[in-house]
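In the working numbering, the protein residues as written are 17 to 1260. Glycine residues also receive a C-beta, built at the ideal position from the N, C-alpha and C atoms. Nothing here was measured: the structure is a model prediction, and the numbers come from that model.
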Amino acid sequence: MQVLVFSSVTIGLLAVVSPTVPPTEHGAAPTAAIPPAATAVECKIKPVAGLAKSTVAIYPLIDDPVAFCIDEAGRFYFAESDRQERGIEDNRSSSWWLLDDIASQTVPDRLAMYEKWASKREGGMAYYSKYADRIARLADADGDGIFEQRTAFAGPFNEPLDGSGAGLLALDGDIFYTNIPNLWRMRDVDGDGVAEFKLKDSTGYGVRVALRGHDMHGLTLGYDGKIYWSIGDRGYHVTTSDGALLHDPRAGAVFRMNPDGSELELYYTGLRNPQELAFDNYGNLFTGDNNSDGGDKARIVYCMEGGETGWSMDYQTLEGANQRGPWNQEGIWHLRPDLAPHKVKDFSPLQPAWTLPPLDHVSSGPSGLVMYPGLGLPARYNDHFFLCDFLGGDSYSQVIAFAFEPVGAGFKVVDEHPFIENVLPTDVDFGYDGKMYVSDWGGGWESGEKGELYAVWDEALVHDARILETTALFRDGFAQLDSDELAALLAHADRRVRMRAQFALASRGGETTALLSDIARNASDRFARIHAIWALGQQANGVRGDRDPSAAVLELLDDRDAEIRAQAARMLGESRCVAASEKLAELCSDDNARVQAFAALALGKLGAQSALPAVISMLGQNGDRDPFLRHAGVQSLAWMNDRAKLGELAAEPVASIRMAVMLSMRKLRDPRLASFLNDPERVIRLEAARAINDIPMPALQPQLAASLARFTAHTDSTGTAEAPRMSHAFTREVWQLDRVGTAADLRSDANFSAKPTEVTELAVGAAPRNAGNKFLARISGTIEAPETGDYIFAIASDDDSILSVGTSDDRASLVELAHVDGYSEPTDFESQPNQRSKPVHLVKGQRYAIQALHAEGGGGDHCSIAWTLPSGGVEAPIGVAPVDRSEFPHMRRAIEACLAQGTIECAVLLCDFALTSANPPAMRIEALEALGVWMAPPPRNRVNGAFRVIDIGARDEALFKSVLARKLAPLAESADPLVRLTARDVATKYGVSLDPAVSLLAVGDEKLAASERVSSLRSLAGDSAGRLAPALVTALTSNAPELRAEARTMKLRANSNDALALLSEAALHGTTFERQRAMSDLATLGAAADAVLAQLVAQLVDGSLDASLRLDIVEAGQLRAEGQVHDALAQWMSSASSNPLARYETLTLEGGDAVAGKNVVLYHSSAVCLKCHNVQGNGGNAAPVLDGVATRGDAKFLLHSLVNPTETIAEGFANAGESAMPAMDTILTAREIRDVVAYLKTLK
């Protein structure tokens, strides 16, 4: 009998593989005993009331602990890493190799990348081996609860490709260790605490750098006796022992194998950074997955076999309008109301069907995870999990407790609460002594020769006789027990005891089959029955006959306990019991969703094509309601691989069945899925487009490109009925002033109590543009909610405005939600975070009061109110037809397919799409931008960021320009200003004339936004009809500083004789914006510009130069290698304070660009501000919320918080010690710091 249970491989059979590494200069692990310094340290952690605590070990006994495990003798093994940002790098701090990293497909590719960029590192390639990872073993020799012995078990691990070592598992004398690129097995043969033998069980993990900490980790022992582990989104290219290739360079995953290294397989994928895995008492696997610092949330994930979460490493560096790509834009990480009803009320309308949704958003920095084994804590923690929430500092990090309750074939999180606070936890586990142990990184994010280990326990329970029994069982081993003793342990209170007893019984083969069968059928204890089923499953591999382990389990498919039926179905599928097919098909209609799911998966494993109708019926009955049950059916169909039947079902009238067929074809990479691009159901069309672009399936790209025709003027662009129009009422009142209206005026009710100068009724929530100067206005009325759910309100205005919405239709219920400081562009509802509200819950059909107060000084003016509906549609302003975002995923991918195909027909299709005014402006702009890069496409897919170089060798630029000349002209007069602007930019880039007369008129039209007038001016650069000259004259005398500045720059580029004089005048006497721009332009000139630059440097030296211009003249002067400007600036630099902070105060407190600063805060890939901070509900919770930060101090305070964060600790974070935030002057340029200060000043 071949038994599927494995003890560790005999040492004599191990291949001895010692890593050949150069000696490490730092972090060498000591081998002698170290005094127990922990005894002198006060225990800082704060567990829940009633529990005891102690410090077990501190540095140097424990040093930079990433993860730990506990062996059967109670000894602790720590994965320690000294190489964080010292050999183990991060794309945020090494952005120069990003494209190479995204292109990497194998581990050798990553090594080649290191070698290519070795000159960037101090010492070249030797840099990567200066510090090391290692495994340290700690022991409590005298039994006093404090460790005093440390041994260097294994290391150093410091090959350039190594690290981080982040996962450990002790099993029957072997220590398994995950350290990219290898999964190691090690053993201490002679008992000296040092591993003499090392074996690489598999290799090829970590083909990319991605982000630091996204390593291989999570080693845990499964219900089936297999070893499971995880990897972050550094990807893998692994050849298994039987020659199969597991390859995905973009995603994190879960793997499993037998303890002897055989049968390595992929179990779950699409994860970002699943640092730890944990099974519950029923063999369900869970993990905590990190957020991407892009407004998304960390998630609890149920890892159902064959499933995908949907993350791709390529998403991480997508910013701006397509931030994080489909992850954010399509709501992959969003919650479902059936799984998390306490957090969301509506389904995400674009969440893909090919992904499995998260169960909940728990923590912000999930790290170690463990399930309570059953002894040592109060009864309320039965069935609870404990998750480390690592946020860089003690005071805001914690260990969180929670449990799960079944929901259909999935689960929901319940009883979430802090269990241990004031700890920076990396890992958590339970000893065999009834205590919980937590490792503490020691502070910050990087390696720092720090670390602690703490214990938490219940003094009233820790001496339980069953805990003493557990300790003895693991110390002495289970092999020495007879089968009846082992059978009794299947009902033990500690899950770990039950599992080891299960494995021991399974390993005895046929002699225990009858015993296990009897327990599975007749035991009174549910856990004993389940473990017996699992043990029989371990025995059943390929075995049939008198003592067939599957025979007893077959009977259990009729058991009254649904969980027993589910576990029996699972085991029969795992053991490939073909005889179970008929009964399993019946269970696809069981009244319990878990039973249905495991039955369907089992049928797929069996390849039981005869049961395909039962699976199809289950999918039809589910109707896409339960995503986990749908996945079970889809995975079953894919494993059955009945392609002929799938082809027939593609025309099935039931949409949920067609969806399942589509998703199965995706798993099979079946090219027939392209037919679903024409499905009558939008959601199915979207899935087809996703599959073709995202996998990718290049052969189907022409069909995807052609599907863009669905959205041109010649076809029905949506296929859906128009949404019903709601009844809104708006009135605009105006109070004319004899002075400039200001923001302060809006805060005084008295200003709106007099009789208005003018009253008009409005059809939509927007005032007429450019209506006058020096006035106050109020738009007020009521709005009707078209659907129930959470709305986001927004306001855009020039100048200041305040938006309020009521909780009813009574004006007395108005609550301020958003405001504009200064001004925004007419269609810009988000440049200032204060322009958008937090979610506001409205009820369909109910009316709510609304009010917008508006102050105008001079020049252009506008004021409009927008809202985003729960379904995702946007009305801007309220009352216009909402923007339908439901087709965005299809449109984006079809546009990208057109760009990749590169045919003239595709260029025409993109133009027609942009010309179709019914299409959303954002997508029309997307099409125009694709045309803008037609002759030089970026190397990354514009939808999901994947590295895909497009061959442009066959593209005819002249023919392409002729298409633009024929097609784009009408877009110069589009009703949407951003469409007009983008079209002009494309035309300018390729030298194509749209309508020069229209562009000339636009340059002089003061009602247009400055950005559009600038674009119109640029479009005339190649005009042969002489319109550029009058356009420049108009621009230079316009009321828009941006337009005047652009005209001077264009004259400079054209080598105009008057360019120097114009720039000199602007540099000395223009607006702040013009002076900054002119200095930048003058710096590009030769000695002719030195006179004016020297004059400005002189003003810097004598202190008369405006503070907003100091950085600009310093940067301009630094471009001079010699001469009067260089010398004068050098003199000033030498006399200025040598204190870097003082220099920043001189240069960066004024003059920044708030919009650019916002982009740094939201999107800078190295600063990653939203990893810890939160703005308008987006970001982390490990640092102060930035909303209102401008009210906490002046510009100097804001600057200091950036450059010296420890100096200015916000209220509520004062106990954190040294700030985990790095000084931003090491990451950002001075200009970026100035911009961030300007942005922070707007956050009032």
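Quiz item: Can you tell me the Cα-Cα spacing of Glu321 and Tyr397, whole angstroms?
Solution: Taking the first residue of the sequence shown as position 1, residue 321 is located at position 305. Taking the first residue of the sequence shown as position 1, residue 397 is located at position 381. C-alpha of Glu321 to C-alpha of Tyr397: approximately 27 Å in a straight line.
Practice problem: For Asn750, I'd like the list of residues in its chain whose CB is within less than 7 Å of its CB, leaving aside the five on either flank, ordered along the chain. | Solution: Within the sequence shown, numbered from 1, the residue matching residue 750 stands at position 734. As written in the sequence, residue 750 is Val, which differs from the Asn given in the question. Within the same chain, Val750 has close Cβ partners Pro772, Thr773, Glu774, Phe791 and Ala793.
Quiz item: Would the beta-carbon of Ala660 fall within 8 Å of that of Val677?
Solution: Translated into positions along the sequence shown, residue 660 becomes position 644. Translated into positions along the sequence shown, residue 677 becomes position 661. No, these two residues do not count as a Cβ contact at 8 Å.
Quiz item: At a cut of 8 Å, does the segment 751-765 reach the segment 880-895 through at least three beta carbon pairs?
Solution: Touching, no.
Self-check item: Residues of its chain near Val32, where Cβ-Cβ distance is below 6 Å and the 5 sequence neighbours each way are ignored
Solution: For the purposes of this step, residue 32 is identified with residue 16 of the sequence shown, where counting begins at 1. Reliability fails at Val32, whose pLDDT of 32 lies under 50, so the model's placement of it is uncertain and no value is given.
Quiz prompt | Contacting residues, own chain, Cβ-Cβ under 7 Å from Thr1164 (five flanking each side not counted) | solution = Position 1148 of the sequence shown, counting from 1, holds the residue named residue 1164. Correct list, in chain order: Leu1127, Leu1215, Ala1246, Ile1249, Arg1250 and Val1253.
Self-check item: Cα-Cα separation between Glu571 and Asn338, rounded to whole angstroms
Solution: Numbered from its first residue, the sequence shown carries residue 571 at position 555. Numbered from its first residue, the sequence shown carries residue 338 at position 322. Spanning the alpha carbons of Glu571 and Asn338 requires a straight line of approximately 54 Å.
Quiz item: CA-CA distance, Leu334 and Arg586?
Solution: To locate residue 334, count along the sequence shown from 1; it is residue 318. To locate residue 586, count along the sequence shown from 1; it is residue 570. Answer to the nearest angstrom: the Cα atoms are 40 Å apart.
Quiz item: Helix, strand or coil: which one does DSSP assign to Ala45?
Solution: Walking along the sequence shown from the start, residue 45 turns up at place 29. Any reading at Ala45 must be qualified, since the residue scores a pLDDT of 42, below 50, and its modelled position is unreliable; no value is offered.
Quiz item: Okay, do the segment 839-856 and the segment 800-807 touch, 3+ Cβ pairs below 8 Å being the bar?
Solution: Output reads yes: the segment 800-807 touches the segment 839-856.
Quiz item: Would a C-beta distance cut-off of 8 Å place Val360 and Leu351 closer than the cut-off?
Solution: Here residue 360 is taken as the residue at index 344 of the sequence shown, counted from 1. Here residue 351 is taken as the residue at index 335 of the sequence shown, counted from 1. Their beta carbons are under 8 Å apart, which means Val360 touches Leu351 by this criterion.
Quiz item: Taking three-plus beta-carbon pairs below 8 Å as touching, is the segment 72-80 in contact with the segment 160-178?
Solution: With the rule of 3 Cβ pairs closer than 8 Å, the segment 72-80 counts as touching the segment 160-178.
Practice problem: Thinking Leu1121 and Trp1148 are a contact (beta carbons under 8 Å), I'd like their distance in whole angstroms, please. | Solution: Within the sequence shown, residue 1121 is the residue found at index 1105, counting from 1. Within the sequence shown, residue 1148 is the residue found at index 1132, counting from 1. Leu1121 to Trp1148, Cβ: 10 Å. No contact.
Quiz prompt | Cβ pair Ala369, Met675 closer than 8 Å | solution = Translated into the one-based positions of the sequence shown, residue 369 becomes position 353. Translated into the one-based positions of the sequence shown, residue 675 becomes position 659. With a cutoff of 8 Å on beta-carbon distance, Ala369 and Met675 are scored as near each other.
Exercise. Ignore the nearest five residues each way along the sequence and tell me which others in Asn850's own chain have a CB closer than 8 Å to its CB.
Key: By 1-based counting over the sequence shown, the position of residue 850 is 834. Correct list, in chain order: Ala834, His835, Val836, Asp837, Gln1192, Asp1203, Thr1258, Leu1259 and Lys1260.
Quiz prompt | Proximity test, Cβ basis, 8 Å: Leu662 and chain D | solution = Here chain D cannot be found, since the structure has a single protein chain.
Quiz item: For the candidate residues Ala865, Glu841 and Asn608, whose alpha-carbon lies nearest to that of Thr823?
Solution: For the purposes of this step, residue 823 is identified with residue 807 of the sequence shown, where counting begins at 1. Nearest C-alpha to Thr823 among Ala865, Glu841 and Asn608: Ala865.
Practice problem: Between the Cα of Ala1114 and those of Leu1098, Gly1133 and Ala1099, spot the shortest distance and give me the residue it belongs to. | Solution: Start at 1 with the first residue of the sequence shown, and residue 1114 comes out as number 1098. Of the candidates Leu1098, Gly1133 and Ala1099, the one whose C-alpha sits nearest the C-alpha of Ala1114 is Gly1133.
Exercise. Look at the alpha carbon of Ala1075 and the alpha carbon of Val821, and state the distance between them as a whole number of angstroms.
Key: Numbered from 1 along the sequence shown, position 1059 holds the residue referred to as residue 1075. Numbered from 1 along the sequence shown, position 805 holds the residue referred to as residue 821. Rounded to whole angstroms, the gap between the alpha carbons of Ala1075 and Val821 is 51 Å.
Practice problem: Identify whether Glu777 lies in helix, strand or coil by the three-state DSSP scheme. | Solution: On the sequence shown, residue 777 is found 761 positions in, with the first residue counted as 1. Glu777 falls in the strand class under three-state DSSP.
Quiz item: When you compare each of Arg1159, Val1184 and Tyr283 to Lys1212 by their alpha carbons, which one comes out closest?
Solution: Reading the sequence shown from its first residue, position 1196 is the one you call residue 1212. Looking at the Cα atoms, Arg1159 is the closest of the given residues.
Quiz prompt | Bounding residues of the beta strand (DSSP E) (the contiguous stretch that carries Arg1126) | solution = As a first step, residue 1126 must be located in the sequence shown, where it is residue number 1110. Judged by DSSP secondary structure, Arg1126 falls outside any beta strand (DSSP E) and instead within the alpha helix (DSSP H) spanning Arg1126 to Gly1133.
Quiz prompt | Cut-off 8 Å between Cβ atoms - residues of its own chain near Lys451, not counting five sequence neighbours on either side | solution = Taking the sequence shown and counting its residues from 1, the one referred to as residue 451 is at position 435. Same-chain partners within the cutoff: Gly392, Ala471, Val472, Trp473 and Val478.
Practice problem: Name the one or two DSSP bridge partners that Ala793 has. | Solution: Taking the sequence shown and counting its residues from 1, the one referred to as residue 793 is at position 777. In the DSSP output, where bridge partners are listed per residue, Ala793 has Val750 and His870.
Practice problem: Would you identify the three-state DSSP class for Phe169, choosing helix, strand or coil? | Solution: As a first step, residue 169 is located in the sequence shown; it is residue number 153 there, counting from the start. The answer is strand: DSSP assigns Phe169 an E or B state.
Exercise. Quick one: residues in its chain with C-beta nearer than 6 Å to the C-beta of Phe614, no 5 flanking neighbours on either side, listed in chain order?
Key: As a working mapping, residue 614 is identified with position 598 in the sequence shown. Contacts found: Ala582, Ala585 and Arg586.
Quiz item: Which one or two residues does DSSP pair with Val386 in a beta bridge?
Solution: Position 370 of the sequence shown, counting from 1, holds the residue named residue 386. Val386 is bridged to Phe402.
Exercise. Could you pull out every unbroken alpha helix (DSSP H) segment of at least 4 residues lying fully inside the segment 992-1060, listed in chain order?
Key: The alpha helix (DSSP H) runs lying completely inside the segment 992-1060 and spanning 4 residues or more are 993-1006, 1012-1019, 1026-1035 and 1044-1052, given in chain order.
Quiz item: By Cβ distance below 7 Å, which residues in the same chain neighbour Ser591 in space, the five residues on each side in sequence not counted?
Solution: Your numbering for residue 591 matches position 575 in the sequence shown. Excluding sequence neighbours, Ser591 sits near Gly553, Ala556, Asn557 and Ser566.
Quiz item: For the candidate residues Glu1058, Leu1109 and Thr1100, whose alpha-carbon lies nearest to that of Thr1088?
Solution: Within the sequence shown, the letter at position 1072 stands for residue 1088. The residue with the shortest Cα to Cα distance from Thr1088 is Glu1058.
Quiz item: Per DSSP, Phe427 forms a beta bridge with which residues?
Solution: Numbered from its first residue, the sequence shown carries residue 427 at position 411. Pro422.
Self-check item: beta strand (DSSP E) segment containing Asn195, residue limits
Solution: The residue given as residue 195 occupies position 179 in the sequence shown. Asp190 to Asn195 is the extent of the beta strand (DSSP E) around Asn195.
Practice problem: Give the DSSP bridge partners of Pro290, in chain order. | Solution: The residue you call residue 290 lines up with position 274 of the sequence shown. Secondary-structure assignment with DSSP links Pro290 through a beta bridge to Asp305.
Quiz prompt | Test item: CB-CB of Val429 and Ile580 under 8 Å | solution = Translated into positions along the sequence shown, residue 429 becomes position 413. Translated into positions along the sequence shown, residue 580 becomes position 564. No, Cβ-Cβ distance for Val429 and Ile580 is not below 8 Å.
Quiz item: So, are the CB atoms of Gly381 and Ala314 less than 8 Å apart?
Solution: For the purposes of this step, residue 381 is identified with residue 365 of the sequence shown, where counting begins at 1. For the purposes of this step, residue 314 is identified with residue 298 of the sequence shown, where counting begins at 1. Yes, the Cβ-Cβ distance between Gly381 and Ala314 is below 8 Å.
Exercise. Could you tell me whether the Cβ atoms of Val896 and Val780 are closer together than 8 Å?
Key: Locating residue 896 in the sequence shown gives position 880, counting from the first residue. Locating residue 780 in the sequence shown gives position 764, counting from the first residue. Yes. Within cutoff.
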